[in-house]
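Using our numbering, you'd call the opening residue of the sequence shown number 41 and step up by one each time. Ideal Cβ positions, reconstructed from N, Cα and C, are used throughout, including at glycine. Just so it is clear, the structure is predicted and the values come from calculations on it, not from any experiment.
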Amino acid sequence: MRARNVGGFMVVFAVLALLAPRPAAGQGETAGMITELKPGRGRVEVRPAGAPAWTAARPLQALRAGDAVRASADAVAVILLTARRGTVRVDAAASPLTLAAPAAGEGRGQKARALVQAGVGFLAGATRESGQAMLSTRGAARPPVVLSPRNSPVLPDALVFEWNGSRFARYTVRVLAPGGRVVAERAGVTGASWSYPADAPRLQAGARYTFQVVGAAQAPQEAWFEVLDAVGAEAIRADLAALEQELGATAPPNSRAVMRAGVLAQAGLLHDARLAVAAALARDPDEAALHLLLAGLQGRMGLSEQAAEARDEAEFLLTR
């Protein structure tokens with residue numbers, strides 16, 4: 041499968057126009073996004089340009105020129121500014137901060153700027169999709185749920201399969217080629233992940249494979265995945281390199297992970313976007329923005345229950 045050309049400006053800005061919050065009259069393009077938010081014992085608030093009232097800030101909230109952000113007590117927010125202007129940290133001492141529009145000539149790299157704008161727009165749209173809590177029933181053991189990769193293309197890198205199951209159970213896992221031929225299989229796997237063996241047959245680009253995980257006395261649970269071809273993978277890597285250049289060397293790791301996941305997800309690579317968020321959460325499990333982004337990604341992957349859990353964790357971190 042060939043990746044969408046994220047550098048195609050008409051597609052990028054069409055996505056942005058559909059997903060980004062509508063600006064108020066007289067406002068221009070997105071000037072920044074709240075990529076990190078830790079309320080602590082205080083509050084982080086936003087006042088839209090021209091509005092009289094302050095409202096609670098939200099993780100991954102897109103901001104327009106003229107919007108103001110303030111923090112109280114030990115609350116902290118990090119705002120990623122567009123047009124290669126880096127990030128700014130807002131705390132009580134630096135409050136309030138009013139966002140300025142990019143000056144003429146800032147962010148001259150049009151492709152990189154388009155990537156950031158599209159990523160911001162995608163993130164703002166994806167995280168508005170709320171996961172609804174689902175009631176679970178007690179009784180018989182529930183079958184495992186394939187988490188990733190789950191019905192999406194993947195980059196041709198080392199592939200790790202994940203599922204939601206019991207840590208004490210043993211599972212049989214297998215990868216099936218188109219037509220049902222078994223490419224790789226392993227029985228007695230414990231835990232909730234399995235790496236595709238290095239000595240297994242090489243997965244062919246463009247072919248739709250199926251991953252199955254089977255618990256004891258349970259029907260197989262499965263999801264498909266498709267490896268990008270070399271041209272598509274190189275295009276994505278070029279976009280990520282352009283994004284890194286646009287963000288600059290001083291962007292905080294969480295903000296960098298948020299934008300990387302946004303670009304990957306906007307290109308349809310939900311598996312790789314989820315990996316970026318999961319790696320960031322392993323470093324900082326208390327960042328609400330990461331949990332909210334994970335909720336948005338899992339909602340798009342059809343994992344409603346897991347999306348609701350991630351959203352609940354984000355809300356807990358914002359209100360504890």
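{"Query": "Check whether the segment 281–295 and the segment 242–262 touch, using three or more Cβ-Cβ pairs below 8 angstroms as the test.", "Result": "no"}
{"Query": "Going by Cα to Cα distance, which pick from Val194, Thr127, Ser135 is closest to Ala115?", "Result": "Ser135"}
{"Query": "Determine the burial state of Asp107: buried for a count of at least 16 other Cβ atoms within 10 Å of its Cβ, exposed for fewer.", "Result": "buried"}
{"Query": "From the DSSP output, in three-state form, read off Pro79 for me.", "Result": "coil"}
{"Query": "Considering only the alpha carbon of each residue, which of Ser112, Arg129, Trp203 lies closest to Leu343?", "Result": "Trp203"}
{"Query": "Measure the alpha-carbon distance for Phe88 versus Asp326 and round it to whole angstroms.", "Result": "Sequence inspection shows Pro at residue 88; the Phe mentioned does not correspond to that position. Their backbone Cα atoms lie some 27 angstroms apart in a straight line."}
{"Query": "Alpha carbon to alpha carbon, how far is Ala347 from Leu337?", "Result": "8 angstroms"}
{"Query": "Looking only at its chain, what residues have a beta carbon closer than 6 angstroms to the beta carbon of Val215, apart from the 5 residues adjacent to it on each side?", "Result": "Val223, Ala224, Tyr249, Phe251"}
{"Query": "Return the residue from the list Arg323, Arg300, Pro237 that minimises the CA-CA distance to Gln312.", "Result": "In the sequence as displayed, the identity of residue 312 is Asp instead of Gln. Looking at the Cα atoms, Arg300 is the closest of the given residues."}
{"Query": "Please say whether Arg110 and Glu76 have beta carbons closer to each other than 7 angstroms?", "Result": "no"}
{"Query": "Taking just the CA atoms, how far does Leu330 sit from Arg98?", "Result": "12 angstroms"}
{"Query": "Who does Ala263 pair with in a DSSP beta bridge?", "Result": "Phe251"}
{"Query": "Mark Ala259 as exposed unless 16 or more other C-beta atoms lie within 10 angstroms of its C-beta, in which case mark it buried.", "Result": "exposed"}
{"Query": "Taking all protein chains shown into account, decide if Asp239 is buried (16 or more other Cβ within 10 angstroms of its Cβ) or exposed.", "Result": "exposed"}
{"Query": "Determine whether the beta carbon atoms of Thr70 and Ala102 lie at a separation below 7 angstroms.", "Result": "yes"}
{"Query": "Just the Cα atoms here: how many angstroms apart are Leu304 and Leu310?", "Result": "7 angstroms"}
{"Query": "Could you check what DSSP says for Ser135 in three-state terms: helix, strand or coil?", "Result": "coil"}
{"Query": "Mind checking who Leu211 pairs with in its DSSP beta bridge?", "Result": "Rather than Leu, the amino acid found at residue 211 in this sequence is Tyr. Val229."}
{"Query": "Using a threshold of 7 angstroms, state whether the C-beta atoms of Val194 and Val267 are closer than that.", "Result": "yes"}
{"Query": "Which first and last residues belong to the beta strand (DSSP E) in which Glu85 is found?", "Result": "84–87"}
{"Query": "Got a sec, what are the start and stop residues for the beta strand (DSSP E) Pro193 sits in?", "Result": "192–194"}
{"Query": "Shortest alpha-carbon distance to Glu274 belongs to which of Thr138, Trp94, Pro196?", "Result": "Pro196"}
{"Query": "Which of helix, strand or coil does DSSP assign to Leu343?", "Result": "coil"}
{"Query": "Run the CB neighbour count on Arg207, radius 10 Å, all protein chains shown included, and call it buried at 16 or more, exposed below.", "Result": "exposed"}
{"Query": "Got a sec? Which residues, its chain only, sit under 7 angstroms from Gly228 by beta carbon, not counting five neighbours each side?", "Result": "Arg210"}
{"Query": "Run through the DSSP bridge pairs and tell me what Glu202 is partnered with.", "Result": "Ser188, Ser233"}
{"Query": "Would you call Gly205 buried or exposed, if buried means 16 or more other Cβ atoms sit within 10 Å of its Cβ?", "Result": "buried"}
{"Query": "Pull up the CB-CB distance for Asp269 and Ala307, whole angstroms please, since I reckon it's below 8 angstroms.", "Result": "In fact, because the Cβ distance is near 14 angstroms, the residues do not count as touching under 8 angstroms."}
{"Query": "Kindly give me the distance between the Cβ atoms of Ala320 and Ala297, rounded to whole angstroms, as I take these residues to be in contact under 8 angstroms.", "Result": "4 angstroms"}
{"Query": "Along the beta strand (DSSP E) that carries Leu103, what are the first and last residues, could you check?", "Result": "102–104"}
{"Query": "With C-beta atoms as the reference, is Arg81 less than 7 angstroms away from Ala133?", "Result": "no"}
{"Query": "Would you report the Cα separation of Arg361 and Ala256, rounded to the nearest angstrom?", "Result": "Because residue 361 is not part of the residues shown, which for the chain are 41 to 360, the question remains open."}
{"Query": "By the three-class DSSP mapping on this structure, what secondary structure does Arg300 have?", "Result": "helix"}
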